[in-house]
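**Student:** Read top to bottom, the protein sequences are chains U and B.
Just so you know, we're using our numbering here: the first sequence kicks off at 1278 and counts up by one.
Just so you know, we're using our numbering here: the second sequence kicks off at -14 and counts up by one.
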Amino acid sequence: DTEVTQTPKHLVMGMTNKKSLKCEQHMGHRAMYWYKQKAKKPPELMFVYSYEKLSINESVPSRFSPECPNSSLLNLHLHALQPEDSALYLCASSQGPPDQPQHFGDGTRLSIL
Amino acid sequence: KQEVTQIPAALSVPEGENLVLNCSFTDSAIYNLQWFRQDPGKGLTSLLLIQSSQREQTSGRLNASLDKSSGRSTLYIAASQPGDSATYLCAADSGAGSYQLTFGKGTKLSVIP
Chain U
1278 DTEVTQTPKH
1288 LVMGMTNKKS
1298 LKCEQHMGHR
1308 AMYWYKQKAK
1318 KPPELMFVYS
1328 YEKLSINESV
1338 PSRFSPECPN
1348 SSLLNLHLHA
1358 LQPEDSALYL
1368 CASSQGPPDQ
1378 PQHFGDGTRL
1388 SIL
Chain B
-14 KQEVTQIPAA
-4 LSVPEGENLV
6 LNCSFTDSAI
16 YNLQWFRQDP
26 GKGLTSLLLI
36 QSSQREQTSG
46 RLNASLDKSS
56 GRSTLYIAAS
66 QPGDSATYLC
76 AADSGAGSYQ
86 LTFGKGTKLS
96 VIP
């Protein structure tokens, strides 16, 4: 079982819907990440939070809005998504670089109709 | 910009065989290198992390090596088992405190009983 929990596991939404992805970890990690992974491709970094502050935004469209309410929780708010946004969205956490590995959740499979 | 390459893209071996997966990177100024395993439809599981000052790391039947000067890392799996079947990804952290991993496209391993 993964120590990073993501909900929901699957999400189907229309292009006009608003939904949120949730990620939770209780390992005391201070860095949390959102990745997007398309089929047969490696994960692509979207956002990084360090000590609950957004430290990296990899030029992600504004229809994706991250939020870190506290050190254990990470949300990704979705609005007006496009069909090409369909992918597996992975959350990860780490104690922090340089010598600590990132721990990943099982992801949310998102389908945009 | 760091680029990470994994060859081969797919590998099929009979059960019990020892095998080596390859990973190369273009910028030798890496901070650490991680190996992950990904099962279909799942998140990534961290296998081994090698810091730039280390040459290798071992965990059970897995041994990962790092040669910064040649820009290469290998993952050695001893006595392969069908349960080892998965996609193996390597990722390079190219900056101290950067939190940013550059992933290879992975090697899909099939271990045939």
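Glycine is no exception: its CB is placed at the ideal position from the N, C-alpha and C atoms.
Alpha carbons only, please: which of U/F1341, U/D1383 and U/Y1366 is nearest the one belonging to U/M1292?
**Tutor:** Start at 1 with the first residue of the first sequence, and residue 1292 of chain U comes out as number 15. Residue U/F1341 is the option with its Cα nearest to U/M1292.
**Student:** List the residues of chain B whose Cβ lies closer than 8 angstroms to the Cβ of U/K1318, in chain order.
**Tutor:** Here the question's residue 1318 of chain U lines up with position 41 in the first sequence. Correct list: K90.
**Student:** Looking at the strands, I want to know which residues DSSP matches up with U/L1331.
**Tutor:** Walking along the first sequence from the start, residue 1331 of chain U turns up at place 54. U/Y1326, per the DSSP bridge assignment.
**Student:** For U/D1383, decide whether its Cβ has a neighbour in chain B, counting only Cβ atoms nearer than 7 angstroms.
**Tutor:** Indexing the first sequence from 1 puts residue 1383 of chain U at position 106. Yes - at least one Cβ of chain B is within 7 angstroms of the one on U/D1383.
**Student:** To the nearest whole angstrom, what separates the beta carbons of U/L1390 and U/V1289, a pair I think is in contact under 8 angstroms?
**Tutor:** Counted from its first residue, the first sequence places residue 1390 of chain U at position 113. Counted from its first residue, the first sequence places residue 1289 of chain U at position 12. Their Cβ separation, rounded to whole angstroms, is 6 angstroms, which keeps U/L1390 and U/V1289 in contact under 8 angstroms.
**Student:** Got a sec? Which residues, its chain only, sit under 7 angstroms from U/S1363 by beta carbon, not counting five neighbours each side?
**Tutor:** What you label residue 1363 of chain U is simply residue 86 of the first sequence in a count that begins at 1. So the list reads L1387, S1388 and I1389, once near-sequence residues are dropped.
**Student:** Quick check on DSSP: helix, strand or coil for U/D1383?
**Tutor:** Taking the first residue of the first sequence as 1, we reach residue 1383 of chain U at position 106. Coil at U/D1383, not helix or strand.
**Student:** Answer with buried or exposed for U/C1283, where buried requires no fewer than 16 other C-beta atoms within 10 angstroms of its C-beta.
**Tutor:** As a first step, residue 1283 of chain U must be located in the first sequence, where it is residue number 6. For the record, residue 1283 of chain U in the displayed sequence is Gln; it is not Cys. It is buried - the Cβ of U/Q1283 has at least 16 other Cβ atoms within 10 Å.
**Student:** Going by DSSP, name the residue or residues bridged to U/Q1283.
**Tutor:** To locate residue 1283 of chain U, count along the first sequence from 1; it is residue 6. According to DSSP, which records beta bridges pairwise, U/Q1283 is partnered with U/C1300.
**Student:** Beta strand (DSSP E) containing B/V(-11): first to last residue?
**Tutor:** Within the second sequence, the letter at position 4 stands for residue -11 of chain B. Note, B/V(-11): beta strand (DSSP E), V(-11) to I(-8).
**Student:** Per DSSP, B/T72 is paired with what?
**Tutor:** On the second sequence, position 87 is the one that residue 72 of chain B refers to. B/Q23 and B/K93.
**Student:** Can you confirm whether U/P1343, when its beta carbon is compared against all beta carbons of chain B, has any partner nearer than 7 angstroms?
**Tutor:** Looking up residue 1343 of chain U in the first sequence gives position 66. No - not a single Cβ of chain B is within 7 angstroms of the one on U/P1343.
**Student:** So that I know if they touch, is there some Cβ in chain U lying closer than 7 angstroms to that of B/K27?
**Tutor:** Working through the second sequence from its first residue, we reach residue 27 of chain B at position 42. Chain U contact via Cβ: present.
**Student:** Can you pull the chain U neighbours of B/S31, defined as C-beta to C-beta under 8 angstroms?
**Tutor:** The residue labelled residue 31 of chain B in the question sits at position 46 within the second sequence. What B/S31 touches in chain U: P1378, Q1379, H1380 and F1381.
**Student:** Let me check understanding here. Comparing Cα to Cα, which of U/L1355, U/M1323 and U/H1306 lies closest to U/A1313?
**Tutor:** Residue numbering aside, residue 1313 of chain U sits at position 36 when the first sequence is read from its first letter. The sequence given here has Lys at residue 1313 of chain U, not Ala. Nearest of U/L1355, U/M1323 and U/H1306 to U/K1313, Cα basis: U/M1323.
**Student:** Measuring only between beta-carbons, confirm whether U/L1387 sits less than 7 angstroms from chain B.
**Tutor:** Taking the first residue of the first sequence as 1, we reach residue 1387 of chain U at position 110. No, no contact with chain B.
**Student:** If distances are taken between C-alpha atoms only, which option among U/S1336, U/K1318, U/Q1379 and U/E1361 comes closest to U/A1308?
**Tutor:** Taking the first residue of the first sequence as position 1, residue 1308 of chain U is located at position 31. For U/A1308, the nearest C-alpha among the options comes from U/Q1379.
**Student:** Return the CA-CA distance between U/C1300 and U/L1365, expressed in angstroms with no decimal places.
**Tutor:** Locating residue 1300 of chain U in the first sequence gives position 23, counting from the first residue. Locating residue 1365 of chain U in the first sequence gives position 88, counting from the first residue. Using only the alpha carbons, I get a separation of about 13 angstroms.
**Student:** Quick one: is the Cβ of B/T59 within less than 6 angstroms of any heavy atom of the ligand ADP?
**Tutor:** Looking for the ligand ADP in the displayed structure turns up nothing, as the structure carries no ligands at all.
**Student:** Between which two residues does the beta strand (DSSP E) containing B/D52 stretch?
**Tutor:** By one-based count along the second sequence, residue 52 of chain B stands at place 67. Element bounds for B/D52: L47 to D52.
**Student:** Quick check on U/V1337 - is its C-beta less than 7 angstroms from some C-beta in chain B?
**Tutor:** Looking up residue 1337 of chain U in the first sequence gives position 60. No - not a single Cβ of chain B is within 7 angstroms of the one on U/V1337.
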